Structure formats: C-alpha cells, structure tokens
C-alpha cells in the first residue's frame, strides 16, 4: 500500500496545484518606444499611434518599479500626441520608461498591453576647468585636475604631447598624474563616461588644456631674484617659450589665497616691478609668498601653468618652496 501511495503522490500533487488561484503576470507589449534623442538632462521619445487611444501616460524612473509607479492617471507626463520629452533629469543616469494609454479623457485605469518598456541613458556631464595643480622640477611630475558635476563619473583623458605621442587613459578620479621628463608641454582634453549593460556613454569633451612648465624665478648668489626696494616688489624669471604672457601672484600665507598683482602681455619679458599689494606698499621687513605663472591664450581660452613653486620673502631673505594646491585662479 505504501508503494502505491508513493506513485499516486505525483498526480495528486499536480491536481492540487490546479486548484490554486492563478496569479496573472502581464506579458510586456511588443510595440517599441523610440528614443529620438538624449541630452544631459532630457530624453525625447516617440511611439506608433494607438487608434483607440484618447490620451497617453508615461512613467520614468531609475528602476522599472519606479517607472511603473510613476505611470498613473495622475501622471504629469501625459499627452494626446505620440511623443513626449522628459526634462530635469540627472546626467549620466539610466532611465526606464513605461507607456500606457486610455480610451477616455478621464480614465480610472490605464491600458498597458501594447507598448514595450524602453530604457535610455542621459549624457554624462562635461568636465570643466581643466588645470594644472602641481608641477615639479625635481621629480618631473605634473598633476592635472578638473571639475565635474557627478562625483561618481569615470573619465577618459586624451593626451597629445610635445614628442607627438598620443594616447588615451581612464581614471575614476578628477585628476591625473603625468611624467614630464623630456616633455615640454602636454595637450589634454577630458570627457566623462558611464557604462550600462556593457555599453559606454560619453559626454562632450572639455575645452583643450595645454600644460607647460611654470616659469622659474632666477637665482642669485644668496637666494632668488625677489627684492623689495623703495617699498616696491621686484622679481625676475626665466622666459617660458610656450607662454603668451605672465602673471605675478602674492599672498601673506604659503597655502592661503593668492592675489594677482600684475599681468604681463609681452611674452619676452623676464622681470616685473609691483608697487602695491592689497592697496598697500610692500614692507621690506615683511613676509610674502610670490609666484610667477605663465599663460597661453588659445581659441579664446586662457590656459595657465601651475603655481606650485613660490618664493618666500622674509625680511630680505628668499627661499624656494612648494604650495599644496597650485591652482591660483
């Protein structure tokens, strides 16, 4: 008897399953939604017309559940024409889009048996303010940094240097370090990148930035060519061949805020005299930190060298030192 019950258990179990109420799962529609265009904060969509539809309702979200929850009769994304543009989205995000329709102007429920869910990725944010924040004579080290809206974005850096080497590197930081041995300049542009389902999406490139060496202040027998005479600051440096001109910066603290006290537009100039700093004459017995940076104007944009190296003036004595952050702008 036990043996018979063993073999009867399978058909009995199958019969019991048939008595359980069926849980309906809607199959996704087959009519596609077209992604016509994307930007950093918008997605433009369109779809084939449904002849019986009086109005279309859309939901969008970073998950399919969220998109479904947002697709209701009260949805702000509703239209009587077969197209819609979502705005005020976040850059570099993947969005799910759900489309439903109604056969009346004031429905209580929506039909969802026709249109296939869609996905789209907004364009990542474009990096800005590419700049040199560190340059070292002793270690041939250059650090380039930039700004970007999304702190989680990855970046692709395209480089061309004075040796005609061209290459591309990726980083998850908003900076990149370079070895500048035997290199007189590096041309850099940056774009952000996100990846979804094995596909990469890129932002537009940043403005191109050309980094070259910070001008070197001339040395003297007992220090550097930085003096204060008749309450005026005098400074001399070696000309940088890639420069369009020079800027002189002064601060009361090495790693504090620097004030630009003079701009020199003659690229062949190697010295400057500055009369005042913050509206006051210079004190020969005072303490000042002075940096010389070079700039190059290209395509309507001014690229500066770093301000890593500063000369410390202390009551007539001068010393060379390095700042923590070389972005003086």
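Residue numbers (our numbering): 816 to 1144. Every residue gets a Cβ at the ideal spot worked out from N, C-alpha and C, and that includes glycine. Everything numeric in this text was worked out from a predicted model, so none of it was measured.
Exercise for review: With residue 955 as the anchor, note down where its beta strand (DSSP E) starts and where it stops.
Suggested key: Segment: none, residue 955 is in no beta strand (DSSP E) and carries neither H nor E.
Review point. Can you tell me whether DSSP reads residue 1058 as helix, strand or coil?
Key: coil
Review point. How big is the Cα-Cα spacing for residue 890 and residue 882?
Key: 11 Å
**Study point:** Element boundaries [beta strand (DSSP E), containing residue 933]
**Key:** 933 to 936
Check your understanding: Around the Cβ of residue 1131, are there at least 16 other Cβ atoms within 10 angstroms (buried) or fewer (exposed)?
Key -> exposed
Review point. Who are the Cβ neighbours of residue 815 in its own chain at under 8 Å, not counting the five residues just before and after it?
Key: The first residue shown for the chain is 816 and the last is 1144, placing residue 815 beyond what the model contains.
Review point. What does a CB cutoff of less than 7 Å around residue 898 pick up in its chain, not counting 5 residues either side in sequence?
Key: 860 and 861
**Study point:** residue 1125 and residue 1138 closer than 7 Å at C-beta
**Key:** yes
Review point. When DSSP labels each residue in this structure, what does residue 1081 get in the three-state scheme?
Key: coil
Check your understanding: Do residue 1052 and residue 1076 come within 7 Å of each other at the CB atom, strictly closer than that value?
Key -> no
Review point. Which same chain residues, not among the five before or five after residue 967, have their C-beta less than 6 Å away from its C-beta?
Key: none
Point to revise | Collapsed DSSP secondary structure at residue 964 in the structure displayed | key: coil
Point to revise | Buried versus exposed, by CB contacts within 10 Å (16 or more), residue 1024 | key: buried
Check your understanding: Can you name, in chain order, every residue of its own chain whose Cβ lies under 6 Å from the Cβ of residue 970, other than the five neighbours on each side?
Key -> 986, 1005 and 1007
Check your understanding: Is residue 883 helix, strand or coil by DSSP?
Key -> helix
Review point. Who are the Cβ neighbours of residue 1135 in its own chain at under 7 Å, not counting the five residues just before and after it?
Key: 1039, 1124 and 1126
Exercise for review: List the whole-angstrom C-beta distance separating residue 954 from residue 1027, where the pair is believed to meet the contact cut-off of C-beta under 8 Å.
Suggested key: At roughly 17 Å, the Cβ-Cβ gap does not stay under 8 Å, so residue 954 and residue 1027 are not in contact.
Point to revise | Spatial distance of residue 944 from residue 929 (CA atoms) | key: 47 Å
Exercise for review: Measure the CB-CB distance between residue 1018 and residue 1078 and report whether it falls below 7 Å.
Suggested key: no
Review point. Should residue 852 go down as buried or exposed, given a rule of 16 or more other Cβ atoms within 10 Å for buried?
Key: exposed
Check your understanding: What three-state label does DSSP hand residue 1015 in the structure shown?
Key -> strand
Point to revise | Inside the segment 997 to 1052 only - alpha helix (DSSP H) runs reaching at least 4 residues | key: none
Practice item. Just mark residue 981 as buried or exposed, buried being the case when its beta carbon has 16 or more other beta carbons within 10 Å. Key: exposed
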